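Undergrad:
Numbering (my numbering), first residue to last: 42 to 316.
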């Protein structure tokens with residue numbers, strides 16, 4: 042049973058050089074606010090496995106792409122699951138937390154996702170395009186992503202990479218959730234400046250789209266970000282469902298919206314660690 046003020050190990054890579062974002066600033070802000078309700082210590086992701094036995098639980102935030110420390114991350118997961126350590130987000134996520142297989146599964150099941158395949162025998166399922174995106178199954182933050190011509194697809198369609206058409210979209214938009222509750226949305230009105238985000242007021246149809254993926258993932262607690270692109274025809278297509286360590290772009294919100302997000306996260310953490 043955790044103490045009245047749960048002791049949380051907050052996992053973050055404050056020095057990670059993210060393009061267009063400042064992980065450190067966001068985690069300094071959020072952890073400073075969470076200290077009002079929790080006893081909290083920050084640590085680098087490579088130290089989490091060794092330090093977590095001294096805490097009531099672990100909060101994984103901006104810890105960087107797992108691709109850069111795959112073996113230590115798997116060791117952390119294995120130890121947390123073996124020892125019953127409470128990890129937030131819970132380690133049962135079906136989306137980016139488990140790799141990119143979900144894009145293949147959702148695409149095959151007919152969900153509104155950018156068409157995705159990984160093998161030569163499935164190339165016919167991709168729409169014709171002038172260019173295609175090739176990215177690692179375990180990639181993140183555009184690591185390892187490249188753009189190729191159509192005639193290059195057969196050579197890379199060996200099951201180790203994901204293949205998608207380059208979609209001609211109007212803008213990208215992200216929907217942010219705590220547990221199953223929508224918090225806010227941000228979009229990049231200029232596709233060539235994807236990290237210049239502005240508040241976005243979603244329609245009912247937009248929220249139905251986003252919530253469908255949150256429901257599919259099945260996490261009762263946690264922070265998730267649904268990333269989508271708006272096609273020229275006005276439809277949304279899923280680009281990514283981030284359920285491991287989504288960057289929140291809190292600096293793009295006004296003070297009231299930030300306060301509301303902190304309050305929702307605090308409630309979620311209290312409920313999760315009280316179980």
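Every residue gets a Cβ at the ideal spot worked out from N, C-alpha and C, and that includes glycine.
Computed from a prediction, not measured in an experiment: that's the story for all the values here.
Check this for me: beta carbons of residue 279 and residue 152, under 8 Å apart or not?
TA: Yes, the Cβ-Cβ distance between residue 279 and residue 152 is below 8 Å.
Undergrad: Out of 288, 208, 216 and 248, which has the shortest C-alpha to C-alpha gap to residue 272?
TA: Looking at the Cα atoms, 208 is the closest of the given residues.
Undergrad: So, for residue 71: in the same chain, excluding its five sequence neighbours on each side, which residues have a beta-carbon less than 8 Å away from its beta-carbon?
TA: Hits under 8 Å: 102, 289, 291, 303 and 306.
Undergrad: Do you know how far the Cα of residue 81 is from the Cα of residue 172?
TA: Taking the straight line from one Cα to the other gives about 47 Å.
Undergrad: Which first and last residues belong to the alpha helix (DSSP H) in which residue 251 is found?
TA: Its alpha helix (DSSP H) spans residues 245 to 258.
Undergrad: Keeping to the same chain, check which residues put their C-beta closer than 7 Å to that of residue 314; ignore five residues upstream and five downstream.
TA: Contacts found: 43, 47, 97, 98 and 127.
Undergrad: Got a sec, what are the start and stop residues for the beta strand (DSSP E) residue 290 sits in?
TA: No beta strand (DSSP E) contains residue 290, which DSSP labels as neither H nor E.
Undergrad: Would you please state the rounded distance, in angstroms, between the beta carbons of residue 175 and residue 218? I believe it to be under 8 Å.
TA: 29 Å between Cβ atoms; not a contact.
Undergrad: For residue 158, is the classification buried or exposed, using 16 other Cβ atoms within 10 angstroms of its Cβ as the cut-off for buried?
TA: Buried: at least 16 other Cβ atoms inside 10 Å.
Undergrad: Is residue 223 helix, strand or coil by DSSP?
TA: Residue state, collapsed to three classes: strand.
Undergrad: Assuming residue 296 is part of the alpha helix (DSSP H), what are its boundary residues?
TA: First-last of the alpha helix (DSSP H) with residue 296: 296 to 315.
Undergrad: How is residue 69 classed by DSSP in three states: helix, strand or coil?
TA: Three-state result, residue 69: helix.
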